[in-house]
Amino acid sequence: MLIDWFTVIAQIINFLILVFLLWRFLYKPITKTMQERQRRITNRWEEAQVKQEEAAQEAELYRQKQQELDQQRATFINEAKTQAEEERKQLINQARQEVESMQTGWREAIQREQDEFLATLRQRVQEQTYAITRRTLQDLADANLEQQTIKVFLNRLQTLDETQRQEITQKSATEIIIYSSFDIPQTQRQEIIKILQSQQIINSKNIKFTTSPDLICGIKLQISNYQISWTFDNYLQTLSEQFSTIIKQTTNKP
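Numbering-wise, the sequence shown is residues 1191 to 1444 according to the numbering used here.
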């Protein structure tokens, strides 16, 4: 059995191209936006510092006036001093609150953008890995693998439990369709029918065999909305779910 290295290499190249496109059109613009936002926050911080310095200068001016008028208007100077101090504190507190608010908003925005980027990247990597694995299994499928698939499916039919037999029996009045990713030889079709008849759940008149390109090296028995199947798709789906869980756990770590 030969592996189609050209197809495997082509899939790897496609994956690398996808990573580059994500970096070029997603990660890079996001980084640029983050830098621009940081620049604006820095400018606002500098403006706040200027306001704080102006407030301090204004407070100093008030103190100088108080000294000049101390002998003439003591009461007025005390009131002006109190008012100036309160205004200075208010301006400083307001500037501090504005800066803290901007810093909080900036950090939250950065975190949201990072989470969105990682979620997108995680989904793209998962989909690409699943597609490459699925294509590779299709390329590796051969006659021996098909025979083994039939053997496993026959064994599954022979080991049906009582609950499964009852469910099939209740629906056996409708047409039974057996889908496969390859054409099942006539002898093995008869063997499948024989096993189902031995389970006393069907007759040979209402069973139909058909090929389905959507399956990968697998066979599926469909009766109404009930099915029994053995396909590589089942394992690929499990692999995809486990892979997604691992990536989520990794990216959610602090």
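Built from N, CA and C at the ideal position, the CB exists for glycine as well.
This structure is a prediction, so every number in the text was calculated from the model and none was measured.
Can residue i and residue j be called in contact, C-beta distance under 8 Å?
i, j, result
"I1471", "I1368", "There is simply no residue 1471 to check, as the chain begins at 1191 and stops at 1444 in what is shown."
"K1271", "Q1256", "yes"
"T1349", "G1408", "no"
"I1358", "F1399", "no"
Using only the alpha-carbon positions, how far apart do residue i and residue j sit?
i, j, result
"E1298", "F1210", "27 Å"
"I1413", "Q1360", "10 Å"
"D1329", "I1383", "Per-residue confidence for D1329 stands at a pLDDT of 49, beneath the threshold of 50, marking its modelled position as unreliable; the derived number appears in the next sentence. Whole-angstrom Cα-Cα distance: 30 Å."
"R1355", "Q1387", "11 Å"
"I1282", "Q1273", "14 Å"
"K1222", "W1420", "49 Å"
"Q1254", "K1218", "54 Å"
"V1289", "A1238", "7 Å"
"Q1304", "M1224", "10 Å"
"I1300", "Q1337", "55 Å"
"E1226", "E1258", "48 Å"
"S1370", "N1345", "16 Å"
"R1379", "K1410", "13 Å"
"G1295", "L1212", "26 Å"
Can you find the residues in the same chain that come closer than 7 Å, C-beta to C-beta, to residue i, ignoring five residues on each side of it along the sequence?
i, result
"A1331", "Unreliable placement is indicated for A1331, whose pLDDT of 49 sits below 50; no coordinate value is reported for it."
"E1269", "none"
"Y1252", "A1270, K1271 and A1274"
What residue range is occupied by the uninterrupted alpha helix (DSSP H) comprising residue i?
i, result
"W1235", "K1218 to E1258"
"F1205", "W1195 to L1212"
Closer than 8 Å, CB to CB, is residue i near chain B or not?
i, result
"M1224", "The chain inventory of the structure shown lacks chain B, comprising one protein chain alone."
To test your reading of the DSSP string, which unbroken beta strand (DSSP E) runs of 3 or more residues are found completely within the segment 1335-1423? 1366-1370, 1397-1401, 1409-1413 and 1416-1420
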